[in-house]
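Trainee: Residue numbers (the numbering used here), protein chains in the order written: chain A, 125 to 426; chain B, 518 to 775.
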Amino acid sequence: MSAPTLSPKRGLPGGQAIPATSGMRRLKDNIVLVAVYVAFALAVIPLASVLYKIISEGVQVLSADFFLRSMNGIGGRDAGGGIYHAMIGTLEQVALASAISIPVAVLTAVYLVEYGQGNRLSKVISFFVDVMTGIPSIVAGLFVLAFWILVLGFEVSGFAGALALAVLMIPTVVRSAEEMLKLVPNDLREASYALGVPRWRTITRVVLPTAFTGIITGIMLAVARVMGETAPLLLTIWVTKVINFNPFDGAQSSLPTYIWEQAGDPNQVAVDRAWGAALALIFIIMVLNFGARLLARRTSIR
Amino acid sequence: MAKRIEVSGLNAYYGGFLAVENVSMTIEPRSVTAFIGPSGCGKSTFLRTLNRMHEVIPGARVEGRVMLDQQDLYGERIDPVAVRRVVGMVFQRPNPFPTMSIYDNVAAGLKLNGVKRKNELDGIVENSLKGANLWNEVKDRLDKPGAGLSGGQQQRLCIARAIAVQPQVLLMDEPCSALDPISTLAIEDLIAQLKSQYTIVIVTHNMQQAARVSDRTAFFNIAGTGKPGKLIELDETSKIFTNPTEKATEDYITGRFG
Numbered sequence: 125m126s127a128p129t130l131s132p133k134r135g136l137p138g139g140q141a142i143p144a145t146s147g148m149r150r151l152k153d154n155i156v157l158v159a160v161y162v163a164f165a166l167a168v169i170p171l172a173s174v175l176y177k178i179i180s181e182g183v184q185v186l187s188a189d190f191f192l193r194s195m196n197g198i199g200g201r202d203a204g205g206g207i208y209h210a211m212i213g214t215l216e217q218v219a220l221a222s223a224i225s226i227p228v229a230v231l232t233a234v235y236l237v238e239y240g241q242g243n244r245l246s247k248v249i250s251f252f253v254d255v256m257t258g259i260p261s262i263v264a265g266l267f268v269l270a271f272w273i274l275v276l277g278f279e280v281s282g283f284a285g286a287l288a289l290a291v292l293m294i295p296t297v298v299r300s301a302e303e304m305l306k307l308v309p310n311d312l313r314e315a316s317y318a319l320g321v322p323r324w325r326t327i328t329r330v331v332l333p334t335a336f337t338g339i340i341t342g343i344m345l346a347v348a349r350v351m352g353e354t355a356p357l358l359l360t361i362w363v364t365k366v367i368n369f370n371p372f373d374g375a376q377s378s379l380p381t382y383i384w385e386q387a388g389d390p391n392q393v394a395v396d397r398a399w400g401a402a403l404a405l406i407f408i409i410m411v412l413n414f415g416a417r418l419l420a421r422r423t424s425i426r
Numbered sequence: 518m519a520k521r522i523e524v525s526g527l528n529a530y531y532g533g534f535l536a537v538e539n540v541s542m543t544i545e546p547r548s549v550t551a552f553i554g555p556s557g558c559g560k561s562t563f564l565r566t567l568n569r570m571h572e573v574i575p576g577a578r579v580e581g582r583v584m585l586d587q588q589d590l591y592g593e594r595i596d597p598v599a600v601r602r603v604v605g606m607v608f609q610r611p612n613p614f615p616t617m618s619i620y621d622n623v624a625a626g627l628k629l630n631g632v633k634r635k636n637e638l639d640g641i642v643e644n645s646l647k648g649a650n651l652w653n654e655v656k657d658r659l660d661k662p663g664a665g666l667s668g669g670q671q672q673r674l675c676i677a678r679a680i681a682v683q684p685q686v687l688l689m690d691e692p693c694s695a696l697d698p699i700s701t702l703a704i705e706d707l708i709a710q711l712k713s714q715y716t717i718v719i720v721t722h723n724m725q726q727a728a729r730v731s732d733r734t735a736f737f738n739i740a741g742t743g744k745p746g747k748l749i750e751l752d753e754t755s756k757i758f759t760n761p762t763e764k765a766t767e768d769y770i771t772g773r774f775g
């Protein structure tokens with residue numbers, strides 16, 4: 125039996141040693157490596173500098189009082205005061221926005237993936253979700269201002285702010301949930317159907333649990349995004365210095381509008397409060413993210 | 518509990534494409550019937566029409582009759598979900614539910630259909646796992662995820678899951694094609710045991726497997742790409758593999774195909 129010979133053009137002629145990596149290839153390798161590190165550093169510099177600035181400036185004003193007091197009775201040049209009323213507002217508004225948008229968005233995604241399967245209605249819905257994704261946040265605020273407050277005649281309230289935030293949350297949650305549902309292997313749906321399980325139970329007991337981790341991640345990204353929205357809230361919740369626990373009645377404060385308000389004040393004490401509130405906002409988002417990750421890990425696919 | 522299946526004049530479509538044409542056959546209870554044939558000949562499609570899984574695919578539809586004892590599975594008022602509880606299915610690739618434990622995987626068909634009594638479930642899970650020859654391997658880790666088992670164990674888990682709902686017919690779509698020879702042997706032994714209770718239909722690409730496990734064998738073929746698959750002949754396995762009636766069957770079995 126003769127030894128197999130390699131084609132002279134593509135393989136190595138018999139007996140010859142494998143050549144070392146050429147200098148040119150090593151050079152290219154190093155150039156790309158450096159480019160990747162530079163790009164990474166460029167991406168991290170703004171993040172690190174923002175975090176550094178906010179933490180170093182914000183820590184100065186942090187105290188128990190800062191978290192437990194509102195701005196009620198604090199004059200223009202007074203130090204003191206706090207973010208209690210703004211935290212209450214932000215938490216209530218985001219909770220309400222989530223309560224409105226998550227069911228709507230997840231059910232929309234379920235329809236698109238499980239039922240629509242490319243029919244005309246699902247294409248129309250997909251198109252409008254894309255359009256909604258592109259809406260500037262202030263337009264969402266203007267929409268609620270024009271429709272809810274001016275046309276229907278409701279007053280400004282935390283709930284009106286929540287409506288604006290929900291308009292912003294729905295498209296991002298629909299898109300991410302849709303992608304996650306598409307990742308669920310069809311094998312699992314068929315396995316469930318073959319056991320004589322009806323479709324709706326297959327979706328609620330097999331498909332949604334399998335996609336749960338990804339859907340939660342998408343929801344968290346949307347929550348983190350709307351928590352920092354300022355413009356739509358300015359138009360819908362107004363500004364107030366006092367604590368208002370009821371999101372359905374009258375003006376409420378929120379952390380982003382509080383930051384906007386304080387940072388625009390020419391007094392250093394107010395600017396310091398803005399830094400403190402920014403730090404608190406980042407911290408709240410971080411805690412929520414961490415909680416969602418724990419929840420996702422507990423229920424994830426093992 | 519095993520039932521006879523009588524198919525007459527069955528056509529299966531994907532949209533406008535006729536995938537399986539005019540199949541009529543009788544599948545005997547308490548026996549194993551194997552479907553063999555080249556890729557794309559419609560044997561899997563035909564198998565999926567027997568528990569109305571074919572129509573799960575958008576645009577797919579079926580004409581003709583499938584009688585399970587005296588009932589037409591395609592009768593006007595028949596619920597496809599109820600059909601699938603009577604005619605179970607095991608797929609080519611093992612597909613345990615990734616979010617569920619071994620126990621919950623086996624109990625899935627019952628739990629998702631509303632059986633909640635713990636005692637009853639415990640008994641059924643144990644019996645099903647014993648029936649699938651998996652009990653001894655997993656009895657100490659029923660709460661561990663089903664996806665952590667080996668491929669062969671996962672497939673037996675899927676068989677346990679299928680028999681836990683106590684079907685009368687078990688359809689198997691190339692159940693061993695993703696498994697190693699040892700696991701294949703385990704599944705084949707299992708099929709031999711299960712046939713005393715169930716009507717079993719198995720699709721396989723492995724002719725030795727068809728010869729080993731089945732009592733009767735059906736040969737499907739296509740005239741060419743884009744043409745519908747047809748049933749060429751169905752007979753005792755020993756006759757198909759030694760003295761088939763049709764020339765095409767003989768050509769396929771002896772490897773002179775094409």
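Think of the CB as a built atom: it goes at the ideal place given N, C-alpha and C, for glycine as much as any other residue.
Source: prediction; values computed, not measured.
Assess contact between the region 649-665 of chain B and the region 674-692 of chain B, defined as three or more Cβ pairs (one per stretch) separated by less than 8 angstroms. Is contact present?
Mentor: yes
Trainee: For the region 311-327 of chain A, which residues have a beta carbon sitting closer than 9 angstroms to at least one beta carbon of chain B?
Mentor: ASP311, LEU312, ARG313, GLU314, ALA315, SER316, TYR317, ALA318, LEU319, GLY320, VAL321, PRO322, ARG323, ARG325, THR326
Trainee: Indicate whether at least one CB of chain B lies closer than 8 angstroms to the CB of A/ARG329.
Mentor: yes
Trainee: Residues bridged to B/GLN588 by DSSP?
Mentor: In DSSP, B/GLN588 forms a bridge with B/LEU585.
Trainee: To the nearest angstrom, how far is it from the Cα of B/TYR530 to the Cα of A/ARG149?
Mentor: 55 angstroms
Trainee: Note the first and the last residue of the continuous beta strand (DSSP E) segment covering B/VAL720.
Mentor: It spans 716-720 - the beta strand (DSSP E) in which B/VAL720 sits, taken as one unbroken run.
Trainee: So, at 7 angstroms on beta carbons, what are the nonlocal neighbours of A/SER261 in its own chain, with the 5 sequence-adjacent residues on each side left out?
Mentor: Contacts found: LEU292, GLU353, ALA355, PRO356.
Trainee: Which residues, in order along the region 619-634 of chain B, keep a beta-carbon less than 7 angstroms from a beta-carbon of chain A?
Mentor: Within the region 619-634 of chain B, the residues whose Cβ lies closer than 7 angstroms to some Cβ of chain A are ALA625, GLY626, LEU629, ASN630, listed in chain order.
Trainee: With a cut-off of 8 angstroms, does the C-beta of A/PRO260 fall near any C-beta of chain B?
Mentor: no
Trainee: Check the Cβ-Cβ distances between A/THR341 and every residue of chain B, and say whether any is below 8 angstroms.
Mentor: no
Trainee: I'd like to know whether the C-beta atoms of B/GLY605 and B/PRO684 end up nearer to each other than 8 angstroms.
Mentor: yes
Trainee: Are there 16 or more other CB atoms within 10 angstroms of the CB of B/GLY775, so buried, or fewer, so exposed?
Mentor: Residue placement at B/GLY775 is flagged as unreliable, the pLDDT there being 49, under the threshold of 50; a coordinate-derived value is accordingly withheld.
Trainee: Which two residues bound the contiguous beta strand (DSSP E) that contains A/ARG149?
Mentor: No beta strand (DSSP E) contains A/ARG149, which is instead part of the alpha helix (DSSP H) from 147-183.
Trainee: Please compile the residues from chain B whose C-beta is within a distance smaller than 7 angstroms of the C-beta of A/THR334.
Mentor: PRO615, THR616
Trainee: Kindly list, in the order they appear in chain A, the residues whose Cβ is closer than 9 angstroms to that of B/PHE608.
Mentor: ASP311, GLU314, ALA315, ALA318
Trainee: Report the start-end ranges of each beta strand (DSSP E) in the region 587-670 of chain B that is 3 residues or longer and not cut off at the edges.
Mentor: 604-607
Trainee: Measuring alpha carbon to alpha carbon, tell me which of B/ALA624, B/ARG569, B/LEU711 ends up nearest B/GLY592.
Mentor: B/ARG569
Trainee: So if DSSP puts B/PHE736 in a beta bridge, which residue, or which two residues, is it bridged to?
Mentor: B/ILE553, B/GLU750
Trainee: With H, G and I counted as helix, E and B as strand and the rest as coil, what does DSSP make of A/GLY342?
Mentor: helix
Trainee: What does DSSP give as the partner residue(s) for B/ARG729 in the beta ladder?
Mentor: Answer is none; B/ARG729 lacks a bridge partner.
Trainee: Report yes if the CB atom of A/LEU379 is closer than 8 angstroms to the CB atom of A/ALA401, and no otherwise.
Mentor: For the 8 angstroms CB-CB criterion, A/LEU379 and A/ALA401 form a contact.
Trainee: Whole-angstrom Cβ separation of B/GLN672 and B/ILE708, contact assumed at under 8 angstroms?
Mentor: Going by Cβ atoms, the distance from B/GLN672 to B/ILE708 rounds to 12 angstroms, so no, they are not a contact pair.
Trainee: I'd like to check one pair, B/SER700 with B/GLY663: are the Cβ atoms closer than 8 angstroms?
Mentor: no
Trainee: Going straight from the alpha carbon of A/ALA159 to that of A/LEU151, what length do you get?
Mentor: 12 angstroms
Trainee: Decide if B/VAL549 is buried, meaning its Cβ has at least 16 other Cβ atoms within 10 Å, or exposed.
Mentor: buried
Trainee: Compile a chain-ordered list of the residues in the region 565-590 of chain B whose CB is closer than 8 angstroms to at least one CB of chain A.
Mentor: If you check each beta-carbon in the region 565-590 of chain B against every beta-carbon of chain A, the ones closer than 8 angstroms belong to ASN568, MET570, VAL573, PRO575.
Trainee: If you compare alpha carbons, which of B/ARG733, B/ARG547, B/VAL537, B/PRO555 is closest to B/THR562?
Mentor: Among B/ARG733, B/ARG547, B/VAL537, B/PRO555, the Cα nearest to that of B/THR562 is on B/VAL537.
Trainee: With a 10 Å radius around its C-beta and 16 neighbouring C-beta atoms as the bar for buried, classify B/LYS560 as buried or exposed.
Mentor: Buried, since its Cβ has 16 or more Cβ neighbours within 10 Å.
Trainee: What ranges does the alpha helix (DSSP H) occupy inside the region 242-277 of chain A, keeping only unbroken runs of at least 4 residues that lie completely in it?
Mentor: Segments of the alpha helix (DSSP H) lying fully in the region 242-277 of chain A: 244-257, 261-268.
Trainee: How many angstroms separate the CA atom of A/LYS247 from the CA atom of B/VAL607?
Mentor: 34 angstroms
Trainee: What is the rounded straight-line gap between the Cα of A/VAL393 and the Cα of A/PHE190?
Mentor: Their Cα atoms are separated by approximately 12 angstroms.
Trainee: Taking 8 angstroms as the limit between beta carbons, can you name the residues of its chain near A/GLN386, skipping five residues before and five after?
Mentor: ALA394, VAL395, ARG397, ALA398, ALA401
Trainee: What residues from the region 226-251 of chain A come within 7 angstroms of chain B, judged by C-beta to C-beta, listed N to C?
Mentor: Contact residues of the region 226-251 of chain A toward chain B are GLN241 (C-beta to C-beta distance below 7 angstroms).
Trainee: Given a threshold of 16 other Cβ atoms within 10 Å of its Cβ, counted over all protein chains shown, does A/VAL218 qualify as buried or as exposed?
Mentor: buried
Trainee: What first and last residue would you give for the alpha helix (DSSP H) that runs through A/PHE372?
Mentor: Here A/PHE372 belongs to no alpha helix (DSSP H), and DSSP marks it neither H nor E.
Trainee: Return the chain-ordered list of same chain residues with a C-beta closer than 7 angstroms to the C-beta of B/LYS661, the five sequence neighbours on each side being excluded.
Mentor: Its chain contains SER618, ILE619 as the residues whose beta carbon lies nearer than 7 angstroms to that of B/LYS661, once the 5 sequence neighbours on both sides are disregarded; these appear in chain order.
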